[in-house]
Structure formats: C-alpha cells, structure tokens
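Chemist: A single structure is presented below for examination.
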Amino acid sequence: VVGRLGIEALLPRRGGLSTGQRQLVNLAAALLARPCAFLMDEPTSHLDWLNKKAFNDIVKALGKPVLYVTHDPFEAMYVADVICVMERGRITRCVENRVDVAYIYKVAESLWA
Numbered sequence: 487v488v489g490r491l492g493i494e495a496l497l498p499r500r501g502g503l504s505t506g507q508r509q510l511v512n513l514a515a516a517l518l519a520r521p522c523a524f525l526m527d528e529p530t531s532h533l534d535w536l537n538k539k540a541f542n543d544i545v546k547a548l549g550k551p552v553l554y555v556t557h558d559p560f561e562a563m564y565v566a567d568v569i570c571v572m573e574r575g576r577i578t579r580c581v582e583n584r585v586d587v588a589y590i591y592k593v594a595e596s597l598w599a
C-alpha cells in the first residue's frame, strides 16, 4: 500500500505535509488496518487525479465492501459497482454501474440540475 501510493518518503516526516499528503498517509493507515469493510466520506477530496486513481485502484483490488461518499459522479462511476444518489438526506435511486457514456452524462446532468 505504501509503495503503491508512493508515500515512503512521507512516513518519517512529522510535520510540513500538505493536506493531500496527510490524506494519503491517513488513507494508507486505514487500508493497512485491514478492516472487514470500509466507510469512507470523500476519501480523495484533497488528492490530485493520479493519487485518486492509485488509491481507488487499491480499494477496488481489496475486494471488500465499501460505502464511499463522493460528490463527484465520475469518481463514483470509476469506483462503484452500485451507485446510490441521495437527495435531502435520503436515497432516491440506486443503479448498477455501467460504463455507458450517454448514461454517465445523463446521471451527471440529473445531479447538477
């Protein structure tokens, strides 16, 4: 996990980490704890695209259940098997994730409408 996230040089440092670097270190610690499931609230909010992809690839490879909150519909479509949309604190619909460009844009438009 540490190697795949490229954070080896960050571990000995006590301070001076950027928000994104701190987030990567904390995410690595969560993954290394080996829980039976994950509850993640916007785990990649402060990461650049390459680090988001690296983290999400690791999470997908673990094969464990994940409840993953994100406001980014494209990130949800990259990570999820099932996507649920919440409005005003309630789940309004759930769909199986499909990689269909027209469908992706339709879902994204409905979220921003």
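Heads up: the sequence shown begins at 487 in my numbering, then just goes up one per residue.
Every residue, glycine too, gets a C-beta built ideally from N, C-alpha and C.
(1) Is the stretch 515–528 touching the stretch 493–502 in the sense that three or more CB pairs, one from each, lie closer than 8 Å?
(2) With Lys513 and Phe541 assumed to form a contact (beta carbons below 8 Å), what rounded beta-carbon distance in angstroms separates them?
(3) When we look at the beta-carbon of Leu548 and count the other beta-carbons within 10 Å, is it buried (16 or more) or exposed?
(4) Mapping DSSP to helix, strand and coil, what is Asp624?
Modeler: The short version:
(1) no
(2) On the sequence shown, position 27 is the one that residue 513 refers to. On the sequence shown, position 55 is the one that residue 541 refers to. Inspection of the sequence shows that residue 513 is occupied by Leu rather than by Lys. Between Phe541 and Leu513 the Cβ distance is about 6 Å, and since that is below 8 Å, they are a contact.
(3) Numbered from its first residue, the sequence shown carries residue 548 at position 62. Classification for Leu548: exposed.
(4) As displayed, the chain neither begins before 487 nor continues past 599, which places residue 624 out of reach and without an answer.
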